[in-house]
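Numbering (my numbering), first residue to last: -3 to 151.
Let me begin by presenting the structure, written as structure tokens, before commenting on it.
Put into structure tokens, the structure is as follows:
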């Protein structure tokens, strides 16, 4: 039987060894602004929520999200949404999304949002009814080596 469980911060250390590899795999597609250790700290402090998709007590999927309060609206921001071995997203998407929507309604949120790679954006837009509101584009900042930066600042 498939189920989605909201993990209490006190429970997370007992499952993190299974969740961490999935989260690390998802974060490969980010800009490196977060590591799984950063997320673990925030999860243990209660600043983030961890949802687990389980089948027969086996962890098959995880979702890490954050409640955000903006001046005019509230949202749930999905930081990482992943499956074991990068398979079975469609098997868990509806269940995880339903649980996240129920949390969002309890918190009186206006929307869910996430940043994701282009292929996943197309999938969740066409198959799960999300809308493409805006794009995030990035440009890395390059620096000289540290010694040259210090010399430039001193001059």
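Ideal placement from N, C-alpha and C gives every residue a C-beta, glycine not left out.
Pull the bridge partners of residue i from the DSSP assignment, please.
i: residue 107; result: 71
i: residue 51; result: -2, 54
i: residue 63; result: 72
i: residue 46; result: 3, 60
i: residue 77; result: 59
Do the CB positions of residue i and residue j come within less than 8 angstroms of each other?
i: residue 12; j: residue 49; result: no
i: residue 51; j: residue 3; result: no
Give me the residue from the options with the minimum Cα distance to residue i.
i: residue 25; options: 131, 125, 111; result: 111
i: residue 128; options: 116, 136, 138, -3; result: 116
i: residue 101; options: 71, 84, 9; result: 71
i: residue 83; options: 35, 134, 122, 57; result: 57
i: residue 28; options: 108, 75, 91, 8; result: 75
i: residue 6; options: 36, 32, 17; result: 36
i: residue 107; options: 114, -2, 125, 52; result: 125
Say the cut is 7 angstroms; is the CB of residue i nearer than that to a heavy atom of the ligand NAD?
i: residue 118; result: Annotation note on the ligand NAD: not contained in the displayed structure, which lists no ligands.
Assuming residue i and residue j are in contact, meaning their beta carbons sit under 8 angstroms apart, how far apart are those beta carbons, in whole angstroms?
i: residue 19; j: residue 79; result: Their Cβ separation, rounded to whole angstroms, is 11 angstroms, which puts residue 19 and residue 79 out of contact at 8 angstroms.
i: residue 0; j: residue 39; result: So it is not a contact: roughly 16 angstroms between Cβ atoms.
Self-check item: At least 3 beta-carbon pairs within less than 8 angstroms: the segment 35 to 45 vs the segment 53 to 66
Solution: The segment 35 to 45, when compared against the segment 53 to 66, does touch it at the 8 angstroms Cβ threshold.
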